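Protein chains in written order, with numbering that gives the first Met the number 0: chain A, 0 to 481; chain B, 0 to 154. As structure tokens, the structure follows; a few thoughts come after it.
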Amino acid sequence: MTSAILVQEIAPPQWREQCARSAADGGRFLTLYAADARSAGVATLTAPSTVVRAGFVRDGVIRVLSCVPAGDEIPTIVDLIPAAAWAEREAHDAYGVTFAGHEPLRPLLIHSDDPATWMVRVKGHDAYQVAVGPIHAGVIESGHFRFHVVGELILHIDVRLFYKHRGLERAAEGRTTDEGLAYTQRACAACAVANTLAYAHACESALGLRPSPSLARVRTLLLELERLYNHLHDIGAICAGVGFAPGNMAFAALKERAQRVNHMLTGHRFLFDSVTVGASTWSVGRETLAAAREEVHSLGEDSRKAWHEVLFNASVQDRLVGIGLLPADEVVRLGTVGPAARAAGVPLDARSTGSRLTYPGFEPTIPRHPAGDVASRVNVRAMEVDVTLAMLDELLAQPVEPAGMEPAEPRQAVGIGITESPRGETVCAVELDGVDHLNRLHLRSASNVNWPAVAHAAAGSLLPDFPLINKSFELCYACSDR
Amino acid sequence: MFVLLRALSRLRRDIGLPTPEQRGSLALRLVDSGSCNGCEHELGAVFSPHYDFGRYGLNIVASPRHADMLLVTGAPTTRMVGPLRTAYEAMPEPRFVAALGDCALGRCVLGDPPEFAGPLEEIVPVDICIPGCPPTPETIGRHLVAALEYTRRVR
Chain A
0 MTSAILVQEI
10 APPQWREQCA
20 RSAADGGRFL
30 TLYAADARSA
40 GVATLTAPST
50 VVRAGFVRDG
60 VIRVLSCVPA
70 GDEIPTIVDL
80 IPAAAWAERE
90 AHDAYGVTFA
100 GHEPLRPLLI
110 HSDDPATWMV
120 RVKGHDAYQV
130 AVGPIHAGVI
140 ESGHFRFHVV
150 GELILHIDVR
160 LFYKHRGLER
170 AAEGRTTDEG
180 LAYTQRACAA
190 CAVANTLAYA
200 HACESALGLR
210 PSPSLARVRT
220 LLLELERLYN
230 HLHDIGAICA
240 GVGFAPGNMA
250 FAALKERAQR
260 VNHMLTGHRF
270 LFDSVTVGAS
280 TWSVGRETLA
290 AAREEVHSLG
300 EDSRKAWHEV
310 LFNASVQDRL
320 VGIGLLPADE
330 VVRLGTVGPA
340 ARAAGVPLDA
350 RSTGSRLTYP
360 GFEPTIPRHP
370 AGDVASRVNV
380 RAMEVDVTLA
390 MLDELLAQPV
400 EPAGMEPAEP
410 RQAVGIGITE
420 SPRGETVCAV
430 ELDGVDHLNR
440 LHLRSASNVN
450 WPAVAHAAAG
460 SLLPDFPLIN
470 KSFELCYACS
480 DR
Chain B
0 MFVLLRALSR
10 LRRDIGLPTP
20 EQRGSLALRL
30 VDSGSCNGCE
40 HELGAVFSPH
50 YDFGRYGLNI
60 VASPRHADML
70 LVTGAPTTRM
80 VGPLRTAYEA
90 MPEPRFVAAL
100 GDCALGRCVL
110 GDPPEFAGPL
120 EEIVPVDICI
130 PGCPPTPETI
140 GRHLVAALEY
150 TRRVR
């Protein structure tokens, strides 16, 4: 299997046709972003200043379509590929590209005082609005939800994020590939490994490097350690959402134990600074590894017992079944990824298709009744905790030693990396100049692509169920806003 | 449920956190002004079974109107400056502000992008600094208990 990335230049009149063809050929839309054409090395001094790129993946082969807009305007693909909606809005706000036919092209990054610019108008008898955020009542990140409701029934939600937009992608431009890690890592603590690893994969694919088997193995270990504490946290959050304090506290304690294992192995509770580009200097003594393996085994036993109590608690389960529906056709239409996709029966998991990590014979976890409701999203996580525990048991039995890369392909200007974060497929694109500096860094996290799905899943539900629906996706604001 | 409660009481016994000599009261409100979510995770853990700093009388309240202290995480972004000021102004006197984590302390690694609204202390007065990236639950808890003692003296 090749990891080469095919970049194809497209003229604006052919843009829609080529994107449609890529999607029709079985290519799955990954991401769309704009970049400075001059720094990306495709424009002359007189040419327009931006380039738009769209990534598709088919059978592990990534194809990038690239188009220089005519006078900052390019035809939209949102009607062909609805999953591109947020990406087009972001490219418009950040790079001034107009997507002809995307009507209305609502602002995403830019916060206007005029509600008409970002809200859908909802009319009717007794329809009213509930405004929530950006500061929430609990210990939650910042973001705004505008609910349009009748009584307690949610008609529509306008999600207004990017309060936490820190301009990380722009700030990383001009830095070396090593320095870029800090920017990707600070995008989100809970997805630090998934994001930095996607970034490292992207840089390495641009530099023409492939990880050695031992490097692939230690990176897989990091990614699964991250998944373990996140999934335990997410199950606890659902218990908190229904007011089931014993479940919340039990899983909070399990998450703490998992984070202590992280600290034992890497010196950081969120596994910060454990991923580097081109190599790994991470090394763990045999005794520490054995102790970590034993603790993972023990917390796994306790987690199974705790999950059993949650699963057979009628007052918890009554709240979860049949709410926040996101069926499989919506998953495909919106490009939803991660546990939310698998809970609807869509077998999408970057671990089963990637070739840069060690997942032999991996199959995506699909629950027996993939209803796409809150209950199945929680069930998927509980099932995946078991899969992750089994993988960790195997990985921790093998040595963790410094490892490197092998040259494989010629260098390329564009690199794309994909990993499966606890929230789903994370895509990172980098564009390098000749000497390993970043011309462009684009991070499309699972949270970013799944936020529109939360709004769709919650429409038609009751307002008091929204926190539960939201927590069943458990998305980060930080790695969506960047 | 009783299995969980039994396991939790066993866990409490095993951890053996000391009972504080004196219980105080400090109502906390978090404002995330642009963090990476690490500080939020660790702040949540402050009240989890392994730390349980709630036993000193610390608790998170839903509104700044009920809060003695504002916990601010992240290097303030241009889009969060307004909500941050509004939250601070909604607090009753005497009010305190804690900068939670290295980003809020201005030790951010990310330089000075246009989305960075400026140092926290130029937006609201900062009384307490809690360092770390992110600070551990133990660090956060100890600083907040010290803050509780401090606010008891000045109130």
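Every residue, glycine too, gets a C-beta built ideally from N, C-alpha and C. Only a predicted model underlies this, so the values are computations on that prediction, with no experimental measurement involved.
According to the DSSP assignment, C238(A) belongs to the alpha helix (DSSP H) that extends over 212 to 240.
The three-state secondary structure of T75(A), taken from DSSP, is coil.
CA-to-CA, the gap between A327(A) and G344(A) works out to about 6 Å. In chain order, W117, M118, V119, F144, R145, H147, A454 place their CB closer than 8 Å to the CB of D157(A), counting only its own chain and leaving out the 5 sequence neighbours on each side.
The beta carbon of C202(A) is closer than 7 Å to those of T176, V276, G414, V429 in its chain, skipping five residues each way along the sequence. In the structure shown, S314(A) adopts helical secondary structure according to DSSP, grouped into three states.
Here T287(A) is not near A349(A), since their CB atoms are 9 Å or more apart.
DSSP assignment within the region 285 to 356 of chain A yields the following whole alpha helix (DSSP H) runs of 4 residues or more, N-terminal first: 285 to 310, 313 to 319, 327 to 333, 338 to 341, 349 to 352. The alpha-carbon separation between A340(A) and P93(B) amounts to approximately 49 Å. P406(A) is bridged by DSSP to L208(A). Residue-level contact by beta carbon fails for C128(B) and chain A, as no gap is shorter than 9 Å. Nearest to Y55(B) by C-alpha distance, out of R152(B), D31(B), L143(B), is L143(B). Using beta-carbon distances, Q258(A) counts as an interface residue toward chain B, with a partner under 9 Å.
Contact annotation: the region 57 to 76 of chain B touches the region 15 to 34 of chain B, with at least three C-beta pairs closer than 8 Å.
Nearest in C-alpha terms to G33(B), of all of T150(B), E137(B), P82(B), is P82(B).
At a cut-off of 9 Å between beta-carbon atoms, Y162(A) makes contact with chain B. Neighbours of M79(B) in chain A, taken as residues whose beta carbon is under 8 Å from its own, are P133, S141, Y162, K163 in chain order. Counting along the chain, A93(A) sits inside the alpha helix (DSSP H) bounded by residues 84 to 94. For the region 118 to 184 of chain A, the continuous alpha helix (DSSP H) assignments of 4+ residues that do not extend past its boundaries occur at 167 to 171, 176 to 184, in sequence order. R355(A) is the residue among A249(A), R355(A), L167(A), L461(A) whose C-alpha sits nearest the C-alpha of V60(A).
At a cut-off of 9 Å between beta-carbon atoms, C478(A) makes contact with chain B. Rounded to the nearest angstrom, the gap between the Cα atoms of E308(A) and D385(A) is 16 Å.
Looking from the CA of Q397(A), the closest CA among V377(A), I139(A), A291(A) belongs to A291(A). Pairwise C-beta distances place the region 307 to 325 of chain A out of contact with the region 22 to 33 of chain A, as fewer than three of them are shorter than 8 Å. Per DSSP, the continuous alpha helix (DSSP H) segment holding E393(A) begins and ends at 373 to 394.
Rounded to whole angstroms, the Cβ separation of E223(A) and L347(A) is 18 Å, and the two are not in contact under 8 Å. Apart from sequence neighbours up to five positions away, the residues of its chain that approach V56(A) with a beta-carbon distance below 6 Å are R27, L29, ordered along the chain. When only Cα atoms are considered, I109(A) and D92(A) end up about 6 Å apart.
Counting C-beta atoms within 10 angstroms of its own C-beta, D317(A) has fewer than 16 neighbours from the protein chains shown and is therefore classed as exposed. Sequence-ordered contacts of the region 278 to 310 of chain A with chain B read D301, K304, A305, H307, E308, V309 [C-beta pairs closer than 9 Å]. Residues of chain B with a Cβ closer than 8 Å to the Cβ of P421(A) do not exist; the shortest Cβ-Cβ separation is about 12 Å. With a threshold of 16 other beta carbon atoms within 10 Å, Q13(A) falls short and is exposed. The beta-carbon of M248(A) is placed less than 9 Å from the nearest beta-carbon of chain B. Sequence-distant partners of I153(A) (beyond 5 residues in either direction) whose C-beta falls short of 8 Å from its own C-beta, in its chain, are F146, H147, A457, A458, G459, S460, L461, L462, F465. Taken atom to atom, the span from the alpha-carbon of E102(A) to that of P133(A) is near 26 Å. Counted as a single uninterrupted DSSP element, the stretch harbouring V45(B) is not any alpha helix (DSSP H), since DSSP gives it neither H nor E.
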